[in-house]
Amino acid sequence: MIHAIKVRVLQGDPIIHDVRNASLPKLYRGLPVIEKKDCTDSCKKCADVCPTNAIKLNPVKIDLGLCVFCPLCEEACPEKIIHFTNNYHTAVDSREKLLVTQETKIISPEKASKKIRDYFGKSLKLRQISAGGCNGCELELNALSNVNFDMGRFGIEFVSSPRHADGVVITGPITKNMSQAIDICYEAIPNPNVIILFGACAISGGIFQNSKEIQRKFLEENKIDLFIPGCPPHPLTFINALLDWLDKK
Amino acid sequence: MISLQVQNNEPFSIDEISFLNRNDFQATVFEGLTSGYRMIGLFPINKLHPHKIISILADSDTSLVYLIGGEFPKDKLEFDSFANQFPQTNYFECELSENFGFNPINHPWLRPVRKQNIVLGNKPYQFYKLEGDEVHEVAVGPIHAGVIEPGHFRFQCHGELVYHLEINLGYQHRGVESLMLNSNAQQRIIISESIAGDSVVAHTYAHCNAIESLSNTQISLRVQMIRSIAEELERIAMHLSGLGGIANDIGFSIVSASYGRLRTIIINSLAALCGSRFGRGLFVYGGVRFDLTDEIIKQIKNNLETVKKDIASINEYLFSSTGALIRFEQTGTVTNDFASEIGLVGFAARVCGIELDTRINFPYGVYRYFPVFPTILQTGDVFARTHLRTFEIDESIRFISEQFDSIPKGDIQVKMSSITANTGVISIVEGWRGEVVHVAITDNNGKISQYKIKDPSFTNWYGLNLALRETAISDFPLCNKSFDLSYSGHDL
Numbered sequence: 005m006i007h008a009i010k011v012r013v014l015q016g017d018p019i020i021h022d023v024r025n026a027s028l029p030k031l032y033r034g035l036p037v038i039e040k041k042d043c044t045d046s047c048k049k050c051a052d053v054c055p056t057n058a059i060k061l062n063p064v065k066i067d068l069g070l071c072v073f074c075p076l077c078e079e080a081c082p083e084k085i086i087h088f089t090n091n092y093h094t095a096v097d098s099r100e101k102l103l104v105t106q107e108t109k110i111i112s113p114e115k116a117s118k119k120i121r122d123y124f125g126k127s128l129k130l131r132q133i134s135a136g137g138c139n140g141c142e143l144e145l146n147a148l149s150n151v152n153f154d155m156g157r158f159g160i161e162f163v164s165s166p167r168h169a170d171g172v173v174i175t176g177p178i179t180k181n182m183s184q185a186i187d188i189c190y191e192a193i194p195n196p197n198v199i200i201l202f203g204a205c206a207i208s209g210g211i212f213q214n215s216k217e218i219q220r221k222f223l224e225e226n227k228i229d230l231f232i233p234g235c236p237p238h239p240l241t242f243i244n245a246l247l248d249w250l251d252k253k
Numbered sequence: 008m009i010s011l012q013v014q015n016n017e018p019f020s021i022d023e024i025s026f027l028n029r030n031d032f033q034a035t036v037f038e039g040l041t042s043g044y045r046m047i048g049l050f051p052i053n054k055l056h057p058h059k060i061i062s063i064l065a066d067s068d069t070s071l072v073y074l075i076g077g078e079f080p081k082d083k084l085e086f087d088s089f090a091n092q093f094p095q096t097n098y099f100e101c102e103l104s105e106n107f108g109f110n111p112i113n114h115p116w117l118r119p120v121r122k123q124n125i126v127l128g129n130k131p132y133q134f135y136k137l138e139g140d141e142v143h144e145v146a147v148g149p150i151h152a153g154v155i156e157p158g159h160f161r162f163q164c165h166g167e168l169v170y171h172l173e174i175n176l177g178y179q180h181r182g183v184e185s186l187m188l189n190s191n192a193q194q195r196i197i198i199s200e201s202i203a204g205d206s207v208v209a210h211t212y213a214h215c216n217a218i219e220s221l222s223n224t225q226i227s228l229r230v231q232m233i234r235s236i237a238e239e240l241e242r243i244a245m246h247l248s249g250l251g252g253i254a255n256d257i258g259f260s261i262v263s264a265s266y267g268r269l270r271t272i273i274i275n276s277l278a279a280l281c282g283s284r285f286g287r288g289l290f291v292y293g294g295v296r297f298d299l300t301d302e303i304i305k306q307i308k309n310n311l312e313t314v315k316k317d318i319a320s321i322n323e324y325l326f327s328s329t330g331a332l333i334r335f336e337q338t339g340t341v342t343n344d345f346a347s348e349i350g351l352v353g354f355a356a357r358v359c360g361i362e363l364d365t366r367i368n369f370p371y372g373v374y375r376y377f378p379v380f381p382t383i384l385q386t387g388d389v390f391a392r393t394h395l396r397t398f399e400i401d402e403s404i405r406f407i408s409e410q411f412d413s414i415p416k417g418d419i420q421v422k423m424s425s426i427t428a429n430t431g432v433i434s435i436v437e438g439w440r441g442e443v444v445h446v447a448i449t450d451n452n453g454k455i456s457q458y459k460i461k462d463p464s465f466t467n468w469y470g471l472n473l474a475l476r477e478t479a480i481s482d483f484p485l486c487n488k489s490f491d492l493s494y495s496g497h498d499l
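Structure (structure tokens):
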């Protein structure tokens, strides 16, 4: 008994009370900002070093769906116009919005339809499918249920069976070997449901975009509701995405 | 023994390897395995010429790695399987057969490694099946009940007792090794970071060591120390994550939540160092991207102090609970004999009385000057696998503190020279799970022509098979978590 009390006292109050405005370490690489400045003639250093071809030129734009948040472009730019901030509010509801331009200051998802908010606003149960994920995204999704992030307090939880789920969270570039399993799992989820892509691999294939072993047919056939960019995305990015999308405080 | 002997990270010229004919190759590999060496690789020297293969054997006693070459007639890629006498070679032979069409004659159990249910010659694979009264089969996966990676498990049971477990993986196969050959330098580092997301530092460390050795780049002591600090932080974080998982699997939620809290502190220390909670972005060829400032050192020191203080109470609570001990003790036992026969590595081997730790046996980087003192346990059960991880956390905390006290000034990056042509290197790193082996070989133009990765999970999944025998099926989640193996590291 004394051990239990001791451990409970040590536990203290580790929860992040304000998930909307919690601050992350200085070096954390979140939403990039691109300064409004002209590039020197025909400089394409940032695009050349980008490991996932996430950068479009003239003017410079970064596709967060492909970006793995390594700071190579920031380092390579001679004019220092690219800068990764530690803003973790990076999720959106459509693929196009992931393109960060010189005008982009903040990005956020649109509110979900009234029907979705009515159904899932108070309780959302999700089934996670790892389809080639390296376990980085999986660890961050697991962290959502720990004492620090405690996503359960917002009524959002991961469940075991797809039949109990209101939607799927997909991680990984979707390998050929998982393509059948993902179809079967999705079929078992009742309608209406939501599909969330978590991490660069799931959104675009990321660093594995050119692999012959991936098969992304599932994403072409289904409408995606939320895109959570990152490699892996921070748990706070996920929580905030859902709170914004479901229009919770 | 006709072979080329090298050390960890010592580059060798391809011309130095003598390629033996089938009989001599078999005899030499057999001799090496008989001497107690452990196989850590068996693959063609060049993907395009699969008839020339190398077998890599490691001798922990002398810190030497032996390379034995074999050349086979192009139309007759076959050799007598070693797996009947040396079960540890079984999976390597399966992999060689699956990827390059080799036929290991008389192989006891040829099965798919990453392809789904197809073995040599595209024959459909039949799972091992037990028959008899009251025998039943349980199939689980690929999608499991939690937020974890996919894999398929088949249990042959009699009532609650498991007689045989077969693990069928490959769902995570992303073609990492092929991508390595077709990628540029920046991409290769990002790919290394994504081999196993829980072992980012270990895999990237092994990769950078390999490429730096191939180009004769000397990195500063300061860089070596920062790299080891990151590696030990990863070890502490994942051991805490594993301990939390084990506590969760026996329904001990307060302990699970407490370990989880400490893990967050540690991964946030990694984030303070490099911006990523998993150590992504820290490694570059020839150094590290971020320097350790006094402010960061102070912060990490404080965090380690908290962990060191709190974990003692949590451990005491967990290991004094009879409810926990009854689940841990004598559950999922792997004997010392079995462990060495199947070539277990890492902490799963160290709990079976096997003294094997790359940091001691094949030292690299800063571990050559600052040794670690691994603990060896004997019982090989869930209890030992759990308890050992608490010791390893203590040792890593001690090691990091020692590094902070002795870190010299120096550059954090040096320019890398060009990669030598026709050269190979074997790079071994002790990740938290066990030895991570990267082998890189270059062609005439200095382009990487073969890249082979062995995650500790590749050998250790077989240990889980054995641990489950004669164990109740309800103990499977606990046994699985006690090994804490990687699916993506195995599937590549």
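Just so you know, the protein sequences line up as chains A and S, in that order.
Quick note: the first sequence, position 121, residue 125 per the working numbering, numbers continuous.
Quick note: the second sequence, position 44, residue 51 per the working numbering, numbers continuous.
Don't be surprised by glycine CBs; every beta carbon is placed ideally from N, CA and C.
Nearest neighbour of residue i, chosen from the options [CA to CA]
{"i": "Cys281(S)", "options": "Glu238(S), Gly177(S), Asn309(S)", "result": "Glu238(S)"}
{"i": "His87(A)", "options": "Leu76(A), Ile232(A), Ala95(A)", "result": "Leu76(A)"}
{"i": "Cys43(A)", "options": "Leu28(A), Gly34(A), Leu31(A), Leu61(A)", "result": "Leu61(A)"}
{"i": "His238(A)", "options": "Val23(A), Asp17(A), Glu83(A), Lys221(A)", "result": "Val23(A)"}
{"i": "Ala428(S)", "options": "Val373(S), Ile261(S), Asn223(S), Val352(S)", "result": "Asn223(S)"}
{"i": "Arg167(A)", "options": "Glu156(S), Ala152(S), Tyr73(S), Arg161(S)", "result": "Ala152(S)"}
{"i": "Asn30(S)", "options": "Asp68(S), Lys488(S), Pro57(S), Gly77(S)", "result": "Gly77(S)"}
{"i": "Thr449(S)", "options": "Gly108(S), Ile218(S), Glu144(S), Pro94(S)", "result": "Ile218(S)"}
{"i": "Asp229(A)", "options": "Ile178(A), Glu100(A), Ser127(A), Pro63(A)", "result": "Glu100(A)"}
{"i": "Phe158(A)", "options": "Ser164(A), Ser149(A), Ser165(A)", "result": "Ser149(A)"}
{"i": "Leu247(A)", "options": "Gln132(A), Lys41(A), Ile160(A)", "result": "Ile160(A)"}
{"i": "Asn91(A)", "options": "Phe73(A), Pro55(A), Val64(A)", "result": "Phe73(A)"}
{"i": "Ser62(S)", "options": "Asn53(S), Asp68(S), Thr69(S), Tyr73(S)", "result": "Tyr73(S)"}
{"i": "Ile133(A)", "options": "Cys205(A), Ile19(A), Lys10(A)", "result": "Cys205(A)"}
{"i": "Leu130(A)", "options": "Ala169(A), Pro55(A), Thr175(A), Lys65(A)", "result": "Ala169(A)"}
{"i": "Lys253(A)", "options": "Leu103(A), Glu217(A), Gly125(A)", "result": "Gly125(A)"}
{"i": "Phe411(S)", "options": "Gln179(S), Gly372(S), Asp301(S)", "result": "Asp301(S)"}
{"i": "Pro113(A)", "options": "Leu102(A), Asp97(A), Pro63(A), Leu103(A)", "result": "Asp97(A)"}
{"i": "Gln95(S)", "options": "Arg476(S), Pro463(S), Leu492(S)", "result": "Pro463(S)"}
Distance, residue j Cα to residue i Cα
{"i": "Phe259(S)", "j": "Val389(S)", "result": "15 Å"}
{"i": "Val444(S)", "j": "Gly496(S)", "result": "11 Å"}
{"i": "Lys59(S)", "j": "Gly128(S)", "result": "20 Å"}
{"i": "Lys171(A)", "j": "Cys189(A)", "result": "Rather than Lys, the amino acid found at residue 171(A) in this sequence is Gly. Whole-angstrom Cα-Cα distance: 10 Å."}
{"i": "Asn343(S)", "j": "Leu471(S)", "result": "14 Å"}
{"i": "Asp87(S)", "j": "Ile75(S)", "result": "16 Å"}
{"i": "Leu14(A)", "j": "Tyr324(S)", "result": "12 Å"}
{"i": "Glu79(A)", "j": "Ile178(A)", "result": "31 Å"}
{"i": "Ile85(A)", "j": "Val37(A)", "result": "8 Å"}
{"i": "Asn368(S)", "j": "Ser276(S)", "result": "29 Å"}
{"i": "Ile196(S)", "j": "Asp205(S)", "result": "15 Å"}
{"i": "Asn53(S)", "j": "Gln457(S)", "result": "6 Å"}
Contact belief for residue i with residue j at Cβ below 8 Å, rounded distance in angstroms
{"i": "Leu103(S)", "j": "Leu49(S)", "result": "5 Å"}
{"i": "Arg396(S)", "j": "His246(S)", "result": "4 Å"}
{"i": "Phe242(A)", "j": "Ile232(A)", "result": "6 Å"}
{"i": "Val147(S)", "j": "Phe160(S)", "result": "5 Å"}
{"i": "Val207(S)", "j": "Gly294(S)", "result": "Not a contact, Cβ separation roughly 17 Å."}
{"i": "Leu143(A)", "j": "Val173(A)", "result": "Not confirmed; about 14 Å, so no contact."}
Residue(s) in a DSSP beta bridge with residue i
{"i": "Val104(A)", "result": "Ile66(A)"}
{"i": "Phe290(S)", "result": "Val295(S)"}
{"i": "Thr175(A)", "result": "Ser134(A)"}
Segment limits, beta strand (DSSP E) that includes residue i
{"i": "Glu437(S)", "result": "430-437"}
{"i": "Arg440(S)", "result": "No beta strand (DSSP E) holds Arg440(S); DSSP gives it neither H nor E."}
{"i": "Gln179(S)", "result": "That residue, Gln179(S), is in no beta strand (DSSP E); it is neither H nor E in DSSP."}
{"i": "Leu84(S)", "result": "Per DSSP, Leu84(S) belongs to no beta strand (DSSP E) and is neither H nor E."}
The ligand NAD heavy atom lying under 6 Å from the CB of residue i
{"i": "Leu230(A)", "result": "With respect to small molecules bound, the structure shown includes none, and the ligand NAD cannot be examined in it."}
Alpha helix (DSSP H) segment containing residue i, residue limits
{"i": "Tyr212(S)", "result": "207-221"}
{"i": "Phe406(S)", "result": "389-413"}
{"i": "Glu40(S)", "result": "Position check: residue 40(S) holds Leu in this sequence, whereas Glu was assumed. Leu40(S) -> alpha helix (DSSP H) spans 29-41."}
{"i": "His246(S)", "result": "228-256"}
{"i": "Ser464(S)", "result": "463-475"}
{"i": "Gly496(S)", "result": "494-498"}
{"i": "Ile304(S)", "result": "301-326"}
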